[in-house]
Each structure stands twice: as structure tokens, then as C-alpha cells.
Amino acid sequence: MDLELSEEQTAVRRLAAEFADREVAPNAAAWDRAESVDRGIVKKLGALGFLGLTVPEEYGGSAGDHLAYCLVTEELGRGDSSVRGIVSVSLGLVAKSIAAWGSEEQKREWLPRLCSGEAVGSFALTEPGTGSDAGNLTTRAVRDGGDYVISGTKMFITNGTWADVVLLFARTDPGTPGHKGVSAFLVPADSPGLTRRAVHGKLGLRGQATAELVLDGVRVPDSAMIAPEGKGFSVAMSALAKGRMSVAAGCVGIAQAALDAAVRYAGEREQFGKPIAGHQLVQELIADIAVDVAAARLLTWRVADLIDRGLPFATESSVAKLYASEAAVRSANNALQVFGGYGYVDEYPVGKLVRDARVMTLYEGTSQIQKLLIGRSLTGVSAF
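If you read the sequence shown in the working numbering, its first letter stands for residue 84, the second for the next number, and so on.
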């Protein structure tokens with residue numbers, strides 16, 4: 084792996100950093116308080132090609148490699164991880180799944196709209212009773228002639244109230260236990276019988292449009308199924324394996340934001356007659372953040388490199404997601420410690436970083452699930 088970025092990657096990184104500094108970071112605190120990101124940001128993301136990275140140009144994508152995608156999600160995570168989540172889900176989980184698994188008709192229908200920001204996608208796997216145990220989901224899709232009728236409830240769905248299309252997972256074969264009876268569908272969000280309720284009062288990622296989805300006899304044609312019947316869990320797991328890389332990159336962004344804030348504040352704040360940057364234990368806090376940023380970034384870039392070279396990457400993606408999410412929590416906590424009491428009020432950015440970082444250890448596979456996946460890969464023994 085060559086650690087020197089290409090000219091194209093450097094340009095993408097610079098474009099994303101400038102966008103984050105201009106359009107995202109200045110609004111992050113206000114969006115957090117309002118519990119809503121300005122939806123106009125979606126079209127801006129699309130106009131810059133950020134919603135089409137790695138998707139073939141023939142379908143409206145902006146091509147590029149997975150390292151460029153990581154660079155963009157890192158910079159967006161540095162600005163506001165609620166915005167990063169829009170890209171990670173609409174592009175990373177939905178558009179990429181359509182590109183990999185969808186029919187030609189599905190690609191032509193949805194990819195140009197998702198890549199331009201005209202449409203937003205959401206990924207509906209988690210249910211109120213099945214988070215980590217996604218293979219035992221209870222949402223049902225029953226065959227009725229040439230249609231499927233879907234009923235059930237999905238929970239904690241990112242982009243849920245904004246979505247135009249939902250990549251939804253439901254059990255099509257109730258006689259087959261576990262993940263083998265699960266299929267995947269592309270469900271238009273305006274389908275009769277589909278209702279959405281915004282989830283408010285979240286600890287972090289408060290600006291993100293998170294929702295509960297209730298499906299009551301939602302009818303879709305059999306052409307809405309993505310991948311063969313019974314292969315839905317494979318669609319979900321392949322999406323999440325790459326999605327963990329995106330989350331890891333966003334965590335690097337959070338940690339980088341914590342480092343930037345701590346260094347800046349330590350140079351400005353004076354105690355005992357000199358800037359606190361001159362105190363050894365403050366420098367230790369900053370050094371610990373810097374090490375976590377560097378290590379998490381390299382682990383994440385390694386995943387992108389493996390994907391771009393067509394090599395196995397799932398275990399490395401779990402390693403990167405585990406380390407980067409826990410590192411983001413440590414980094415944000417250390418930055419808050421540098422700020423002292425001022426870190427505890429939302430006039431300063433580090434309190435939000437602590438809250439946003441904390442959820443990263445939970446979604447797209449908890450830290451404990453990542454450890455189980457890594458352990459199973461190394462030993463060949465399942466601990467589930």
C-alpha cells in the first residue's frame with residue numbers, strides 16, 4: 084500500500100475539507116440544538132459528487148476509489164458526523180448495494196437520483212427487538228400473486244424521515260429460521276401503509292434524521308426485490324462490512340476534530356502564568372489523541388486499499404471500526420479534559436464530539452460484536 088495520496092485523492096480531500104469548513108462545521112452546533120440538519124445540504128453533497136463516489140459514471144456516479152470515499156467521510160465527520168451519516172447510509176449502504184446487487188432496471192431507476200442528491204436512501208435492518216441479532220428479524224414479506232405484502236417495524240433508521248427509497252430486509256420464508264429466510268427489497272418511502280416517526284432526544288448525532296418505520300401491509304411488486312429471494316442477509320452483511328469502514332473514517336474525523344480543538348484551546352487558555360499547552364499533563368492528553376488519530380486513520384485506509392485491490396477485507400473492516408470508534412470516544416474525552424469546565428457547555432465543540440463519538444461504538448455492529456467477528460475470523464470458532 085502506497086501511503087502517499089494521488090493528485091486526485093488529494094484534490095478530493097481538499098474539496099471535502101473546504102466544504103466541511105464552509106458548509107458543515109459552522110452550523111453543527113445549531114443543527115445539534117435543533118435536532119435537525121438543513122436538508123439543503125443533500126443537494127450540495129450531490130453537486131460535489133460526494134454521494135456518487137465509487138458508483139460507476141454510467142449510472143450517474145462520480146467513480147473514484149474507496150480511499151477517496153474514506154477521505155470525504157473523514158472530513159464530513161470532522162465537521163459534523165450527522166452530515167457524514169447521510170453519505171454513509173444513502174451512498175455507502177444503499178446506493179452501493181444497488182450497484183452491487185440490483186437489477187439493471189433498479190440501477191437505472193435509483194442510482195442517478197441517489198448520486199445527485201435528488202433522492203435519499205435509508206437502510207432498514209434493525210428492529211425494536213433485533214439489533215445485534217439481525218438474523219432473527221420479524222418483519223414479514225408475504226407473497227401475494229406478483230407482489231409481496233410487507234408488515235413489521237424497523238427502529239433507529241438513519242435518514243428514515245428523509246428517505247425516498249428504503250432498502251428494507253424482511254423474512255420471506257417463515258419456515259426457515261435465522262438469516263436464510265431473509266430477503267431484501269427496495270421500497271419507495273411514499274408507499275401506502277408505510278409510516279415514519281422521527282426519533283428525538285438522542286444523546287448524539289442529534290441532527291441526523293433517525294426514525295422508526297412501521298409497515299402495515301405495504302405492497303411492492305416482486306421486481307422490488309434486490310438479489311435472489313433468501314439472499315437478503317448476504318446483501319446486508321456485505322453492505323455493513325464496507326459500511327464499517329465508513330463509520331471508522333467518520334470516527335477518525337471526530338478524533339481529528341477533538342485534536343484540533345484541544346491544540347487550539349491549549350494554546351489560548353492560560354493557567355499558572357502560562358498557556359496550558361506548556362503543562363506536561365496537558366501535552367500528554369494531546370499526544371494520546373494524536374496517536375489515536377494516526378492509528379485509526381491507517382487502519383481505515385488499509386480497509387480501503389484491500390477493497391480497491393479486490394482482496395478480502397471484512398475482518399480488517401471490523402478491526403478498523405472497533406479501534407476507530409473506541410479511539411473517537413477516548414479522543415473526545417481527552418479533549419474535554421483539556422477544556423476543563425468550558426468543555427461541558429455547548430458554546431465549545433468538544434461536548435458534542437463526546438456525545439457523537441459514543442454512538443459509534445454501538446451502530447453498524449457494537450464493539451462487542453466486532454470482537455466476536457474478529458475472534459471468529461482468527462480462531463475459526465463461532466462464539467455467538
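Note that beta-carbon positions come from the ideal geometry of N, C-alpha and C, so glycine has one too.
task = Check whether the stretch 202-209 touches the stretch 240-254, counting contact only when three or more Cβ pairs, one atom from each stretch, lie closer than 8 Å.
result = When C-beta atoms of the stretch 202-209 are compared with those of the stretch 240-254, three or more pairs fall below 8 Å, so the two segments count as touching.
inquiry  = Please report the distance separating the alpha-carbon of Phe-239 from that of Thr-293.
reply    = Taking the straight line from one Cα to the other gives about 6 Å.
ask   = What residues in its chain sit with their C-beta under 8 Å from that of Leu-220, if we drop five residues either side in the sequence?
value = So the list reads Leu-208, Glu-210, Thr-213, Gly-235, Phe-252, Ala-253, Arg-254, Val-265, once near-sequence residues are dropped.
query = How would you call Arg-105, buried or exposed, if buried means at least 16 neighbouring beta carbons within 10 angstroms?
reply = Around the beta carbon of Arg-105, fewer than 16 other beta carbons sit within 10 angstroms, so the residue counts as exposed.
ask   = For Val-138 versus Gly-144, is the C-beta spacing smaller than 8 Å?
value = For Val-138 and Gly-144, yes; Cβs fall inside 8 Å.
ask   = Applying the criterion that 16 or more other CB atoms from any shown protein chain within 10 Å of the CB defines a buried residue, is Arg-122 buried or exposed?
value = Exposed, since its Cβ has fewer than 16 Cβ neighbours within 10 Å.
query = Are at least three pairs of beta-carbons, each pair with one atom in the stretch 406-417 and one in the stretch 433-444, less than 8 Å apart?
reply = Taking 8 Å as the limit for Cβ pairs, the verdict is that the stretch 433-444 does touch the stretch 406-417.
ask   = Grouping DSSP H, G and I as helix and E and B as strand, with all else coil, what is Pro-109?
value = Correct three-state label for Pro-109: helix.
message = Using a Cβ-Cβ cutoff of less than 8 Å, which residues in the same chain neighbour Leu-200 once the five nearest sequence positions on both sides are dropped?
response = The sequence shown places Gly at residue 200, rather than the Leu named in the question. Counting only Cβ-Cβ distances below 8 Å, and skipping sequence neighbours, we find Val-125, Lys-126, Lys-127, Leu-128, Gly-129, Ala-130, Leu-134.
ask   = When the distance is taken between beta carbons, is Asp-305 closer than 8 Å to Gly-258?
value = Cβ atoms of Gly-258 and Asp-305: not closer than 8 Å.
inquiry  = I need the straight-line Cα distance from Thr-241 to Ala-178, nearest angstrom please.
reply    = Inter-residue distance for Thr-241 and Ala-178 is about 14 Å (C-alpha atoms, whole angstroms).
8 Å CB neighbourhood of Glu-447 in its chain, flanking five on each side removed = Closer than 8 Å at the Cβ level, and outside the excluded window around Glu-447, lie Leu-323, Gly-326, Arg-327, Val-330, Lys-404.
ask   = On the premise that Gly-218 lies in contact with His-149, defined as a C-beta separation below 8 Å, what is that separation, rounded to the nearest angstrom?
value = Their Cβ separation, rounded to whole angstroms, is 27 Å, which puts His-149 and Gly-218 out of contact at 8 Å.
Alpha-carbon spacing of Ser-401 relative to Phe-355, whole angstroms = If I take the Cα positions, the gap works out to 44 Å.
ask   = Roughly how many angstroms lie between the CA atoms of Gly-476 and Ala-100, to the nearest whole one?
value = There is no way to answer for residue 476, as the model of the chain reaches only from 84 to 467.
request  = Note down the Cα distance separating Leu-389 from Thr-383, rounded to an integer number of angstroms.
outcome  = Looking at the two C-alpha atoms, the distance is approximately 10 Å.
request  = Taking all protein chains shown into account, decide if Val-203 is buried (16 or more other Cβ within 10 angstroms of its Cβ) or exposed.
outcome  = The residue is buried, with at least 16 neighbouring Cβ atoms inside 10 Å.
key: Three-state secondary structure assigned by DSSP to Val-120   = Note: Val-120 maps to coil in three-state DSSP.
task = Pull up the distance between the alpha-carbon of Val-170 and that of Asn-417, whole angstroms please.
result = Using only the alpha carbons, I get a separation of about 28 Å.
task = Would you kindly report the start and end of the unbroken beta strand (DSSP E) that includes Ser-205?
result = For Ser-205, the enclosing beta strand (DSSP E) covers residues 204-207.
inquiry  = Could you tell me the alpha carbon to alpha carbon distance between Gly-393 and Val-335, rounded to whole angstroms?
reply    = Their backbone Cα atoms lie some 24 Å apart in a straight line.
inquiry  = Within a Cβ cutoff of 8 Å, which residues of the same chain sit near Ser-317, ignoring the five residues on either side of it in sequence?
reply    = Sequence-distant partners of Ser-317 (beyond 5 residues in either direction) whose C-beta falls short of 8 Å from its own C-beta, in its chain, are Ala-310.
ask   = Can you give the Cα-Cα distance for Ala-146 and Gly-284, rounded to whole angstroms?
value = Each residue's Cα considered, the two are about 37 Å apart.
inquiry  = Using the three-state DSSP reduction, which class does Phe-239 fall into: helix, strand or coil?
reply    = Here Phe-239 sits in strand by DSSP.
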